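Just so you know, we're using full-length UniProt numbering here: the sequence shown kicks off at 1 and counts up by one. The C-beta atom is built at its ideal place from N, Cα and C for all residues, glycine as well. These numbers were taken from a predicted model, which means no experiment stands behind them.
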Amino acid sequence: MTIALPGPAPRPRPLPADEPLSPEDYRRVVGVVEAVDHAGDLAEFRERLVTALRSWFGYSGVTVLHGETAADAVDRGCGVLAGYSAEFLATYAAQGWEREDPFRDEGFLQRLAEAGVVRLTDISEGARFREEFLVPRGIADKAAMLIDAAPSGVLWVGLAVPDGVGRVSDRDLAVLRVLRRHLTPLAVEQLARNRSREASRGDWDLTPREWDVADLAAQGLTNRQIAARLFIGVDTVKKHLTRVLAATSCGSRTQLALLFTTRGTPS
Numbered sequence: 001m002t003i004a005l006p007g008p009a010p011r012p013r014p015l016p017a018d019e020p021l022s023p024e025d026y027r028r029v030v031g032v033v034e035a036v037d038h039a040g041d042l043a044e045f046r047e048r049l050v051t052a053l054r055s056w057f058g059y060s061g062v063t064v065l066h067g068e069t070a071a072d073a074v075d076r077g078c079g080v081l082a083g084y085s086a087e088f089l090a091t092y093a094a095q096g097w098e099r100e101d102p103f104r105d106e107g108f109l110q111r112l113a114e115a116g117v118v119r120l121t122d123i124s125e126g127a128r129f130r131e132e133f134l135v136p137r138g139i140a141d142k143a144a145m146l147i148d149a150a151p152s153g154v155l156w157v158g159l160a161v162p163d164g165v166g167r168v169s170d171r172d173l174a175v176l177r178v179l180r181r182h183l184t185p186l187a188v189e190q191l192a193r194n195r196s197r198e199a200s201r202g203d204w205d206l207t208p209r210e211w212d213v214a215d216l217a218a219q220g221l222t223n224r225q226i227a228a229r230l231f232i233g234v235d236t237v238k239k240h241l242t243r244v245l246a247a248t249s250c251g252s253r254t255q256l257a258l259l260f261t262t263r264g265t266p267s
């Protein structure tokens, strides 16, 4: 039986006259969300998010980190990044720019926790870092996004726009705020699942970076592939993997993969 709904045929709600976003902007949001929606775990979620943000927004560099707090995520650098050269990262560490980076400042992280999305050019104390380090290396501006999934931790996203584009636009900030709202439930779920997964293997006593290496090694990636995914050196991967095999009492990658399979899902 078919029932006719009374009243005139509905029409789509028109965007308000002062609506900052266009239909194309909303398509970018949907594109990113669709890219990460079916990620199997936190590692895949991070990688898909990096790729989607670079593809849909054109950011030259993207970093996705996680930790107990924003400061923890930034300090330990547990996660993935793309678009930054080895020379860029080496100079950042060797010349002490880490101490000048406003994105690591406690005051900035508090502001980010309150606002959700902040751009570098809105921070007066970030002028020197931008002008003397970023701009000479082809980065005009950066933005940061924070998703708080307490008690399961936080997801920190850093975004860099190439020189010549100018600052992160007001429009992009508006899109990122909308995107953050849609990413939040997905990120909260992934962080909670990751926390449960690690808790089920608590006796392994691995650091967050060792968990990353163990996960990728168990998936069959080579040391060089793991290094490229995590943007660390091959020798660093070898050191982490040696520690992982010892902590899990595995004699080989094959045993590690089997152990991850049998203990991959918390009861």
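**Request:** Identify, in the order they occur along the chain, each residue of the same chain with its Cβ nearer than 8 Å to the Cβ of G264, setting aside the five sequence neighbours on each side.
**Result:** Below a pLDDT of 50, predicted positions are generally treated as unreliable, and G264, at 49, falls in that range; the measurement from the model is reported next regardless. Within the same chain, G264 has close Cβ partners R197.
**Prompt:** Considering only residues of the same chain and omitting the five flanking positions on each side of R104, which have a CB-CB separation below 6 Å?
**Reply:** V74
**Whether A71 touches E106 by CB criterion (8 Å)** = In this structure, A71 lies near E106, with their beta-carbon atoms less than 8 Å apart.
**Message:** Can you tell me which residues form a DSSP beta bridge with residue 268?
**Reply:** The structure shown does not extend to residue 268, since the chain spans only 1 to 267, so no value can be given for it.
**Message:** Considering only the alpha carbon of each residue, which of V178, E47, V157 and G166 lies closest to L230?
**Reply:** Nearest to L230 by C-alpha distance, out of V178, E47, V157 and G166, is E47.
**Message:** Could you tell me the alpha carbon to alpha carbon distance between Q190 and V165, rounded to whole angstroms?
**Reply:** 33 Å
**Prompt:** Can you tell me whether DSSP reads G264 as helix, strand or coil?
**Reply:** Because the pLDDT of G264 is 49, which lies under 50, any placement of that residue in the model is unreliable, and the question is left without a value.
**Asked** Terminal residues of the continuous beta strand (DSSP E) containing A82?
**Response** G79 to A82
**Asked** Looking at C-beta atoms only, is the number of pairs between the segment 162 to 182 and the segment 209 to 227 that lie closer than 8 Å three or more?
**Response** no
**Request:** For residue 268, name the three-state secondary structure that DSSP assigns.
**Result:** Since the first residue of the chain shown is 1 and the last is 267, residue 268 is not available in this structure.
**Request:** Give the straight-line distance between the Cα atoms of P266 and W211, rounded to the nearest whole angstrom.
**Result:** Its pLDDT being 34, under 50, P266 is placed unreliably in this model, and the coordinates cannot settle the point.
**Request:** For my contact list, E92 and V161 are in at a C-beta cut-off of 8 Å; report their separation, rounded to the angstrom.
**Result:** Glu is not the amino acid found at residue 92; the sequence shown has Tyr there. At roughly 17 Å, the Cβ-Cβ gap does not stay under 8 Å, so Y92 and V161 are not in contact.
**Item:** Buried versus exposed, by CB contacts within 10 Å (16 or more), T63
**Value:** So T63 counts as buried.
**Prompt:** Hey, quick one: how far does the alpha helix (DSSP H) through V175 stretch, first residue to last?
**Reply:** Where V175 is concerned, the enclosing alpha helix (DSSP H) starts and stops at D170 to A199.
**Request:** Return the chain-ordered list of same chain residues with a C-beta closer than 7 Å to the C-beta of D37, the five sequence neighbours on each side being excluded.
**Result:** L186
**Request:** Starting from L160, follow its DSSP beta bridges and name the residues at the other end.
**Result:** The amino acid occupying residue 160 in the given sequence is Ala; Leu does not appear at that position. Bridge partners of A160: G61 and K142.
**Asked** Going by Cα to Cα distance, which pick from A52, R243, E24 and Q225 is closest to P183?
**Response** It is Leu, not Pro, that sits at residue 183 in the sequence shown. Considering only alpha carbons, the answer is A52.
**Item:** DSSP-derived helix/strand/coil call for V118
**Value:** strand
**Prompt:** Cα separation between A140 and V234?
**Reply:** 30 Å
**Prompt:** For the putative contact between L146 and L112, defined by C-beta atoms under 8 Å, what is the C-beta separation to the nearest angstrom?
**Reply:** 5 Å
**Asked** How would you label A246, buried or exposed, when you count the other beta carbons within 10 angstroms and need 16 or more for buried?
**Response** exposed
**Burial state of R253, where buried means 16 or more other Cβ atoms lie within 10 Å** = buried
**Prompt:** Using the beta-carbon count (16 or more within 10 Å), is V135 buried or exposed?
**Reply:** Burial call: exposed.
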